[in-house]
Amino acid sequence: MTRRERLPQVQRVAAYAVILRDEKILLSRLSDTLTATPQWTLPGGGLDHGEDPRAAVVREVREETGLDVTVGDTAWVLSAHSANTWRRGRNVNAHALRIVYDGWVPVDAPEPHTVEVGGSTAEAAWLPLADVLSGDIPTLPLVRDALTQHRVTQVQRVGVYGLLTRTLDGRTEVLLTRIAPHAVSGGKWHLPGGGIDFGESPREALVREFAEETGLKVEIGAPLEIRDVHFTGVAPHGRLEDFHGLHLIFTVTTSDTQEPVVVEVDGTTDQVAWVAISDVAGLDTTPQVTAALAASGRIAR
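All the letters of the sequence shown, read from the start, carry residue numbers 0 to 300 under numbering that gives the first Met the number 0.
Spelled out as structure tokens, the structure:
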């Protein structure tokens with residue numbers, strides 16, 4: 000009886016990223032020298048000796064897609080074993096450990112393009128997630144295995160907002176801010192306010208936000224309304240998030256007579272203005288505006 004040849008044992012550790020945007024996923028297509036038919040996979044690759052996995056996935060995504068990725072704080076590990084597979088011109092007993100991160104790229108990032116010359120990637124592209132999951136787009140098993148374990152990051156944020164009104168020449172006006180284009184709900188008019196920093200009281204936060212977004216010094220009155228929103232969407236920094244926002248709305252007064260002006264540079268507010276309450280219905284506003292005005296009795300629910 001002929002003794003069976005024992006194949007060389009090869010173990011490889013690699014790092015990858017699941018990068019989602021709206022209903023698309025960023026994938027890399029393997030070079031034609033590696034596969035006879037088109038095959039797409041997650042951007043990523045093998046760790047160099049001594050290289051940190053997070054640094055490796057950032058490097059690999061840059062080489063394969065031309066994009067600068069940010070990866071999350073946690074990862075999951077996939078293990079694949081093939082006792083007889085063709086690797087680099089020979090049959091081997093292969094064991095692959097794949098460290099997979101949640102990743103994201105800026106919303107204003109350029110279109111993906113392969114940077115590395117002569118590497119394992121032929122091209123990179125944003126592809127419809129539904130077509131990937133249905134199998135209409137051919138992928139390596141790694142993609143489906145990773146998506147099975149991937150969970151959209153849950154984010155809960157508490158924000159505080161203020162209703163500030165004035166009567167001028169017999170007309171009652173409300174102070175509104177416009178959300179910058181790069182932020183969620185960009186272009187909509189909103190109440191001045193924003194997120195509460197860790198350890199910051201709601202009233203301190205609202206005074207700070209008014210100073211940043213309107214330049215006005217204000218006094219915080221009584222709580223007026225509590226609202227919440229829940230949706231899945233792309234955050235300004237590019238990460239797809241399952242977002243829950245809790246909004247605390249207060250009445251606000253001011254003795255400041257200066258005209259409001261946005262002080263914060265490159266923030267989420269790009270304009271501030273006094274708007275006649277009678278004109279609010281004609282603006283594209285967030286639900287918090289009409290809810291606050293209704294709670295104050297200035298418009299009907």
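C-beta atoms are modelled at their ideal positions from N, C-alpha and C, and glycine is treated no differently.
Predicted, not measured: the structure shown is a model, and the values here were computed from it.
> What residue from Leu19, Thr250, Thr252 and Val12 has the CA that sits closest to Leu126's CA?
Replying inline: Leu19
> Can you give the Cα-Cα distance for Ala79 and Lys187, rounded to whole angstroms?
Replying inline: 48 Å
> CB Gly65 to CB His112, shorter than 8 Å?
Replying inline: yes
>> Suppose you measure from the CA of Asp278 to the CA of Val251; what does that come to, to the nearest Å?
In response: 20 Å
> Which first and last residues belong to the beta strand (DSSP E) in which Arg165 is found?
Replying inline: Thr152 to Leu167
> Are there 16 or more other CB atoms within 10 angstroms of the CB of Val57, so buried, or fewer, so exposed?
Replying inline: buried
> Going by Cα to Cα distance, which pick from Phe230, Ala14 and Val131 is closest to Glu50?
Replying inline: Ala14
>> Given this structure, state the Cα-to-Cα distance separating Thr40 from Arg11, to the nearest angstrom.
In response: 17 Å
> Are there three or more Cβ pairs, one per stretch, closer than 8 Å when the segment 70-77 is compared with the segment 173-180?
Replying inline: no
>> I'd like to know whether the C-beta atoms of Ala291 and Ile248 end up nearer to each other than 8 Å.
In response: yes
> What is the rounded straight-line gap between the Cα of Gly237 and the Cα of Ile98?
Replying inline: 21 Å
>> Measuring only the C-alpha atoms, how far is Val151 from Asp241?
In response: 6 Å
> Cβ-heavy atom distance between Val114 and the ligand NAD below 7 Å?
Replying inline: Ligands are entirely absent from the displayed structure, and the ligand NAD is therefore not among its contents.
> Do you know how far the Cα of Phe197 is from the Cα of Arg297?
Replying inline: 33 Å
>> I'd like the list of long-range same chain contacts for Arg53, defined as Cβ closer than 6 Å, with 5 residues on each side in sequence excluded.
In response: Val70
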